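Report on the following structure.
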Amino acid sequence: MMDVFMFYIFSAISIVSALFVLFSVNPVKSVLWLVSVMVGVSGLFFTLSAPFVAMVQILVYAGAVVILFLFVVMIFDVNHEGKQIFSYGTFTSGLKVLFAGGFAGFLVFQIFFQMNRFGYLIPDKSAPQFEVRNLSKIMFTDYMLLFEVLGLLLLVIPIGTVALSRIKGGTHAK
Amino acid sequence: MGSSGFEIIINLIKMIAIFLLMVQMVPILVWVERRGSAYIQNRFGPNRVGPLGLTQLLADAVKFLMKEEFRPPKSVAFMYYAAPVVALIPGALAFGAIPLSAPFTLEFGGEVYDFLFQSFHFDAGIVFVLAISSLGAYALLFAGWGSGNKYSLMGALRASAQMISYELALGLSLVGILLIYGTFSFAEMIEAQQGPLRFMLLGKPVVVDFLPNWGIFYQPLGFILFFCATFAETNRAPFDLPEAEAELVAGYHTEYGGLKMLMFYIGEYGHMMVASGLLATFYFGGWDLPFGSEWLKETVGSSFLYSLTMFLVFFTKVLFFLWVFIWVRWTLPRFRYDQLMDLGWKTMLPWALFNTVLTAIVIVYFNSTGGAL
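Heads up: the sequence lines are chains X and W, in that order. Using the numbering used here, the first residue of the first sequence is number 248, and each one after it goes up by one. Using the numbering used here, the first residue of the second sequence is number 13, and each one after it goes up by one.
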């Protein structure tokens, strides 16, 4: 009963905040609503009895990624560049709707496909307490390749950033 | 919360008491900071009001309450007023999750109840504290953006960049100690640090009787890195670039005064207390008393009294680190911004990575584990 109640509260927080992210004209406010989305999603992980994932969600997304977003958005000239980025041109709006729709369709398809395959997965409360040890065991044995590939992908990002900043100018231009 | 009324009441009292402990430490720390800085700089400091100037705190409190309430006309009202509150929350929440002493039992109405000496308990407590502390940057960003002031915004941007940079070094410097104890729980980590120094090396047990089994003996490099990174995370000198008064007036809190300013201070000292608590827990055995704790347990008898004594032990360690924070602030000059970034990314991050790899190699190839025998 309590779990269902919490689920609805956290889902409401995430969905309403996500709508505010979309409909805020001011990018700074938009990013701040994104923090609320992250906290809501973290709460959802809690109700699924995955406290570690919930905490990492806050640590990585709310604590680092969104702060970086905010950092970048605050450097913008919001009145000028911001308006250009968040423009309402016909063609770009059409593209945005197209991509967003495609992504949403993909997500819905995935959810239905997975549900048909596995059925509803409800966390087993009677199972032994969640342990990080088990999570890491799965990650470093069954999903070793995926884990390493993700690590490689993350390594490519900083290298790409450094390369771009060196070529394109800025304070570190060569 | 608990199954019976008694348990719920004790847990509520614990929560309120630990929060008040954190908040009430702030005036004392302000006094220590002012008198300590005066001592270090060969001045007198506030010594007029009451013995040793101690009642200066009360005068300050009255002053904070009586100050004029104002808001800059170009500020964003919600963010301007939210920032001091947001500054207070992470420190208070994180401090509540750190075990301050040994668990104790109380008897009431013929039943025995177990209590932990902390506001609330998480299995992955270490991750919780790190996650909540990382939200502290929002207070500075709120203040910087909400004030509608260029200096404030510059301070906030510096703060966010600095906190993200040093969070990496902070997290990585902890990996070594997590590998050694193999747990994310504070209680298990403190449990593993009790007794004399003992570990397995090449499959043989080694016991050193005259040293306690504390984390600093396994992770000296990790300790130094974590220690430096906490200074950056609490935004105190030599890492106080967000409020560098020579360049930015007062940085993110330029436009704040009175009680709102005080709340930023409570947040900062709260972060200091969390950092000191973490240093004591990870590297100095938490509430563990290295010698004579068995004797103490027998002499004191009651488990609640023993718990209170151990709390004093823990708090002595925390007070020592708080003094070190103040000491360093008034001794070292501030970094230049590029020096700060170089230190974070080019010195501390590689050393933290090296420490992680070295610890992993020692654990796997030398068949060695710390703590557990």
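Even for Gly, the Cβ is constructed at its ideal location relative to N, Cα and C. It should be emphasised that the depicted structure is a prediction, and the values quoted were computed from it without experimental measurement.
Buried or exposed by the 16-neighbour rule on C-beta atoms within 10 Å, applied to residue i
{"i": "Val139 of chain W", "result": "buried"}
{"i": "Glu272 of chain W", "result": "In the sequence as displayed, the identity of residue 272 of chain W is Lys instead of Glu. Flag for Lys272 of chain W reads buried."}
{"i": "Gln53 of chain W", "result": "exposed"}
{"i": "Ile202 of chain W", "result": "buried"}
{"i": "Asn367 of chain W", "result": "buried"}
{"i": "Ala384 of chain W", "result": "Bear in mind that the predicted position of Ala384 of chain W carries a pLDDT of just 49, short of 50, making it unreliable; the figure below should be weighed with that in mind. Its Cβ having fewer than 16 others within 10 Å, Ala384 of chain W is exposed."}
{"i": "Lys86 of chain W", "result": "exposed"}
{"i": "Arg380 of chain X", "result": "exposed"}
{"i": "Asn363 of chain X", "result": "exposed"}
{"i": "Tyr163 of chain W", "result": "buried"}
{"i": "Ala292 of chain W", "result": "buried"}
{"i": "Phe350 of chain X", "result": "exposed"}
{"i": "Ala130 of chain W", "result": "According to the sequence shown, residue 130 of chain W is Gln rather than Ala. It counts as buried."}
{"i": "Pro298 of chain X", "result": "buried"}
{"i": "Ser146 of chain W", "result": "buried"}
{"i": "Thr339 of chain X", "result": "exposed"}
{"i": "Tyr51 of chain W", "result": "exposed"}
CB-CB length for residue i against residue j, believed under 8 Å
{"i": "Asp191 of chain W", "j": "Ala372 of chain W", "result": "Rather than Asp, the amino acid found at residue 191 of chain W in this sequence is Leu. Indeed, because the Cβ distance is near 6 Å, the residues count as touching under 8 Å."}
{"i": "Phe120 of chain W", "j": "Gln174 of chain W", "result": "Contact doesn't hold; Cβ gap of about 49 Å is too wide."}
{"i": "Phe153 of chain W", "j": "Ala168 of chain W", "result": "Checking the sequence shown, residue 153 of chain W turns out to be Leu, not Phe. Confirmed, about 5 Å."}
{"i": "Phe276 of chain W", "j": "His265 of chain W", "result": "5 Å"}
{"i": "Gly310 of chain X", "j": "Ala143 of chain W", "result": "6 Å"}
{"i": "Ala99 of chain W", "j": "Gly279 of chain W", "result": "3 Å"}
Beta carbon proximity, residue i to chain W, threshold 8 Å
{"i": "Ile262 of chain X", "result": "no"}
{"i": "Pro298 of chain X", "result": "yes"}
{"i": "Gly192 of chain X", "result": "Look at the range of chain X in this structure, 248 to 421, and you will see that residue 192 of chain X is not part of it."}
{"i": "Leu306 of chain X", "result": "yes"}
{"i": "Met285 of chain X", "result": "no"}
DSSP-derived helix/strand/coil call for residue i
{"i": "Tyr125 of chain W", "result": "strand"}
{"i": "Lys309 of chain W", "result": "helix"}
{"i": "Ala384 of chain W", "result": "Residue placement at Ala384 of chain W cannot be trusted, given a pLDDT of 49 that sits under 50; what the coordinates show is reported in the next sentence. Note: Ala384 of chain W maps to coil in three-state DSSP."}
{"i": "Glu119 of chain W", "result": "strand"}
{"i": "Ile25 of chain W", "result": "helix"}
{"i": "Asp72 of chain W", "result": "helix"}
{"i": "Tyr219 of chain W", "result": "Strictly speaking, residue 219 of chain W in this sequence is Val, with Tyr absent from that position. Val219 of chain W falls in the strand class under three-state DSSP."}
{"i": "Leu213 of chain W", "result": "strand"}
{"i": "Thr408 of chain X", "result": "helix"}
{"i": "Pro208 of chain W", "result": "strand"}
{"i": "Ile414 of chain X", "result": "helix"}
{"i": "Pro111 of chain W", "result": "coil"}
{"i": "Pro224 of chain W", "result": "strand"}
{"i": "Ala171 of chain W", "result": "helix"}
Short CB-CB distance (under 8 Å) between residue i and chain X
{"i": "Phe134 of chain W", "result": "yes"}
{"i": "Ala149 of chain W", "result": "yes"}
{"i": "Gly383 of chain W", "result": "The predicted model places Gly383 of chain W with a pLDDT of 49, which falls under 50 and marks its position as unreliable; any figure quoted below should be read in that light. So, not an interface residue."}
{"i": "Phe366 of chain W", "result": "no"}
{"i": "Ile25 of chain W", "result": "no"}
{"i": "Leu317 of chain W", "result": "no"}
{"i": "Ser16 of chain W", "result": "no"}
{"i": "Trp157 of chain W", "result": "yes"}
{"i": "Ile21 of chain W", "result": "no"}
Cα-Cα separation, residue i to residue j
{"i": "Ser283 of chain X", "j": "Ile305 of chain X", "result": "10 Å"}
{"i": "Asp208 of chain X", "j": "Val396 of chain X", "result": "This structure cannot speak to residue 208 of chain X, because chain X is shown only from 248 to 421."}
{"i": "Phe332 of chain W", "j": "Gly348 of chain X", "result": "58 Å"}
{"i": "Ala199 of chain W", "j": "Ser288 of chain W", "result": "17 Å"}
{"i": "Gly270 of chain W", "j": "Pro84 of chain W", "result": "14 Å"}
{"i": "Leu70 of chain W", "j": "Thr321 of chain W", "result": "29 Å"}
{"i": "Asn23 of chain W", "j": "Val218 of chain W", "result": "41 Å"}
{"i": "Val409 of chain X", "j": "Met360 of chain W", "result": "19 Å"}
{"i": "Leu399 of chain X", "j": "Pro405 of chain X", "result": "11 Å"}
{"i": "Val272 of chain X", "j": "Ala136 of chain W", "result": "38 Å"}
{"i": "Phe327 of chain W", "j": "Leu112 of chain W", "result": "8 Å"}
{"i": "Tyr281 of chain W", "j": "Thr343 of chain W", "result": "18 Å"}
{"i": "Gln68 of chain W", "j": "Trp339 of chain W", "result": "21 Å"}
Residue-level contact to chain C via CB, residue i, 8 Å cutoff
{"i": "Val344 of chain X", "result": "Here chain C cannot be found, since the structure's protein chains are X and W."}
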